[in-house]
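Q: Protein chains in written order, with the numbering used here: chain H, 128 to 407; chain B, 128 to 407.
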């Protein structure tokens, strides 16, 4: 980023916390930006699992209620003097229920920078979907549902792996959302039903993915009702995924705002840099 | 087994449908019983996934309502003339919801042989727990919940793998059963709560396994309420697992009978043999 926050160059890598030991983070970054022309002490703003206990450096959680980012960042050791690495801490909550986030706080800060007057609820769908109540620039409380990770585990590591074609059917999804909201206790039976149907009427496999996804999202919406009911809601994330959540919410009479997750992350990192270097 | 149904010898192997190609079943059996003294055309009664599409031979489902076993068995090809292999078909159901079972029908037949006058509900807990309504010797309807497989997938293939100590706490389990019954929609949030708690208060990992199991069993009990409410209930399966289900059911005022799964399987194979050779 330039001094004005504009993007000068970008690069991405699939290498992350899951596959890197502590001393492999700097080499992974160095490899990724080898052809960039860096000046001495270039500020490197990092967020997400890079700050977890297994990350480059552990950046201790900040406890809500608080602003999503602050000037409290953790310096990560780097051998290259051109890298001045700062890792943003995640957020934690003890009550009403223990919860944590890492990375989403940066997207929340980015959303707030783009929508400074927004008071309401943010939903960040993903492996660990976050429902976040924000007010007056602070994160008040949040609730995580590991809907995406449950979907992935059931689709890949149970008998359902035989039943999950790639097709997506929007009507089936919405029907399943409604079913999952009203009968969430039936998930384990409905899930096996997809397998049984696949055996008895092989063509049904084409709708299994939309059905399983809808059942899980429906249960999540039922559990998160106190978050979205009667509230302004914004969805932040990958376009396809937020579109599915938006459809499900619209069926409940909610009209969410949609924001791209990447843009929110970038705006959040920019906001965090401003906290460190207010002159920028 | 002798002519009277008594056990003459037994052997077990971990090799099953998941790891064997069609032409590897006979060698696996031959290896297992190599030192048995078999006569020509020894009847080999087989049930379970050995009769699935990927098994030794496909034994087509019989549709409920019907008796759990019949003289309808499928012969599997064997090169050894001493082996006369018969595979029991599973059961299928089209309504009220598509469902299938393989192997459990044999345990049901075994239970009925031991308890000929039982009318009520059988619960066979496992990877795919079966709730089965039996009446006048027939399986009337059934419902599968893939509770066990969901538990295994979440414990091994999600972030919860970091939080699952081996400890078991009966009080925590029962508390979670009650929570899962009354708030099944919160599963994805409660599950992530176990992870968050593990990060924020590391000692809590010791109860995570009992908690996750209870949440899933609780949701299953809520979904299966029409099966067990006000009905005589018998549990068939591995002693530890049936004991957990029994505790959960007792908290709901149900006093189930407990039957060992292995004994039921053996009695069921014996009952199936009687259908083939009524003179025995």
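The beta-carbon is built from N, C-alpha and C at its ideal position, and this holds for glycine as well.
Looking at chain B, which residues of the region 268-280 of chain H have a Cβ within less than 7 Å of any of its Cβ atoms?
A: Going along the region 268-280 of chain H in chain order, one finds 270, 271, 272, 273, 274, 276, 277, 280 with a Cβ nearer than 7 Å to chain B.
Q: In three-state terms, what does DSSP make of residue 239 of chain H?
A: Residue 239 of chain H: helix per DSSP, three-state reduction.
Q: Look at the alpha carbon of residue 384 of chain H and the alpha carbon of residue 336 of chain B, and state the distance between them as a whole number of angstroms.
A: Using only the alpha carbons, I get a separation of about 38 Å.
Q: Taking Cβ-Cβ distances shorter than 8 Å, what residues in chain B pair up with residue 319 of chain H?
A: Within 8 Å Cβ-Cβ: 226, 255, 271, 272, 273.
Q: Can you name the start and end residues of the alpha helix (DSSP H) that residue 321 of chain B belongs to?
A: Run containing residue 321 of chain B: 314-327, per the alpha helix (DSSP H) assignment.
Q: In chain order, what residues of the same chain lie with their CB nearer than 8 Å to the CB of residue 375 of chain B, ignoring the 5 residues before and after it?
A: Excluding positions up to five away in sequence, the list reads 300, 301, 304, 341, 344, 345, 348.
Q: Is it true that the region 349-366 of chain B meets the region 268-284 of chain B, where meeting means three or more beta-carbon pairs spaced less than 8 Å apart?
A: Segments in contact, yes.
Q: If I measure Cβ to Cβ from residue 331 of chain B and keep anything under 7 Å in the same chain, skipping five residues before and after, which residues do I get?
A: 324, 325.
Q: Tell me the residue span of the alpha helix (DSSP H) that contains residue 265 of chain B.
A: It is not in any alpha helix (DSSP H) - residue 265 of chain B instead sits in the beta strand (DSSP E) that spans 265-272.
Q: List the endpoints of the continuous beta strand (DSSP E) containing residue 219 of chain H.
A: Unbroken beta strand (DSSP E) run through residue 219 of chain H: 218-220.
Q: List the residues of chain H whose Cβ lies closer than 9 Å to the Cβ of residue 286 of chain B, in chain order.
A: Neighbours of residue 286 of chain B on chain H, chain order: 254, 255, 273, 276.
Q: Would you say the region 196-208 of chain H touches the region 146-159 of chain H, given that touching needs at least three Cβ pairs under 8 Å?
A: With a cut-off of 8 Å, the region 146-159 of chain H and the region 196-208 of chain H count as touching, because enough Cβ pairs lie within range.
Q: Below 8 Å CB to CB, which residues in the same chain sit around residue 226 of chain B once its five sequence neighbours on both sides are set aside?
A: For residue 226 of chain B, where only same-chain residues beyond five positions count, the Cβ hits under 8 Å are 219, 220, 269, 270, 271.
Q: Chain H beta carbons: is any one of them nearer than 7 Å to that of residue 326 of chain B?
A: True, the Cβ-Cβ gap to chain H drops below 7 Å.
Q: Interface residues of chain H around residue 153 of chain B at Cβ under 9 Å?
A: Within chain H, no residue comes near residue 153 of chain B; the closest Cβ sits about 25 Å away, beyond 9 Å.
Q: Name the chain B residues that come within less than 8 Å of residue 221 of chain H, Cβ to Cβ?
A: Under the 8 Å cutoff, chain B gives 327.
Q: DSSP state of residue 215 of chain H, grouped into three classes?
A: Residue 215 of chain H: coil per DSSP, three-state reduction.
Q: With a Cβ-Cβ cutoff of 7 Å, do residue 209 of chain B and residue 158 of chain B count as a contact?
A: Not in contact: residue 209 of chain B and residue 158 of chain B (Cβ atoms no closer than 7 Å).
Q: Assuming residue 285 of chain H and residue 276 of chain B form a contact by the criterion Cβ under 8 Å, report the distance between their Cβ atoms to the nearest whole angstrom.
A: 5 Å between Cβ atoms; contact.
Q: For the region 173-193 of chain B, list every residue whose C-beta sits within 7 Å of some C-beta in chain H, in sequence order.
A: From the region 173-193 of chain B, no residue has a Cβ closer than 7 Å to chain H.
Q: Strictly under 7 Å for the Cβ-Cβ distance: is residue 311 of chain B near chain H by that measure?
A: For residue 311 of chain B, the answer is yes, since a Cβ of chain H falls inside 7 Å of its Cβ.
Q: Per DSSP, residue 234 of chain B forms a beta bridge with which residues?
A: Answer is none; residue 234 of chain B lacks a bridge partner.
Q: Is the number of C-beta pairs between the region 254-269 of chain B and the region 246-257 of chain H that are closer than 8 Å three or more?
A: They do not touch, by the three-pair rule.
Q: Leaving aside the five residues before and after residue 359 of chain B along the sequence, list all residues of the same chain whose C-beta is less than 6 Å from its C-beta, in chain order.
A: Closer than 6 Å at the Cβ level, and outside the excluded window around residue 359 of chain B, lie 247.
Q: Whose C-beta lies closer than 6 Å to the C-beta of residue 290 of chain H among residues of the same chain, with five residues either side of it excluded?
A: Only 321, 322, 325, 332, 335 meet the Cβ criterion.
Q: Starting from residue 257 of chain B and walking both ways along the beta strand (DSSP E), at which residues does that stretch end?
A: Run containing residue 257 of chain B: 256-262, per the beta strand (DSSP E) assignment.
Q: Which partner residues does residue 228 of chain B have in the DSSP bridge list?
A: DSSP lists B/218 as partners of residue 228 of chain B.
Q: Exposed or buried, which one is residue 260 of chain H when buried takes at least 16 other CB atoms within 10 Å?
A: Buried, by the Cβ-count rule.
Q: State yes or no: is the beta carbon of residue 167 of chain B nearer than 7 Å to at least one beta carbon in chain H?
A: No - not a single Cβ of chain H is within 7 Å of the one on residue 167 of chain B.
Q: Which residues does DSSP list as the beta-bridge partners of residue 189 of chain H?
A: According to DSSP, which records beta bridges pairwise, residue 189 of chain H is partnered with H/218.
Q: Please report the distance separating the alpha-carbon of residue 377 of chain B from that of residue 243 of chain B.
A: Rounded to whole angstroms, residue 377 of chain B to residue 243 of chain B spans 24 Å at the Cα level.
Q: Based on Cα-Cα distance, which residue from B/294, B/161, B/195, B/283 lies nearest to residue 175 of chain B?
A: Nearest of B/294, B/161, B/195, B/283 to residue 175 of chain B, Cα basis: B/195.
Q: What first and last residue would you give for the alpha helix (DSSP H) that runs through residue 307 of chain B?
A: It spans 297-309 - the alpha helix (DSSP H) in which residue 307 of chain B sits, taken as one unbroken run.
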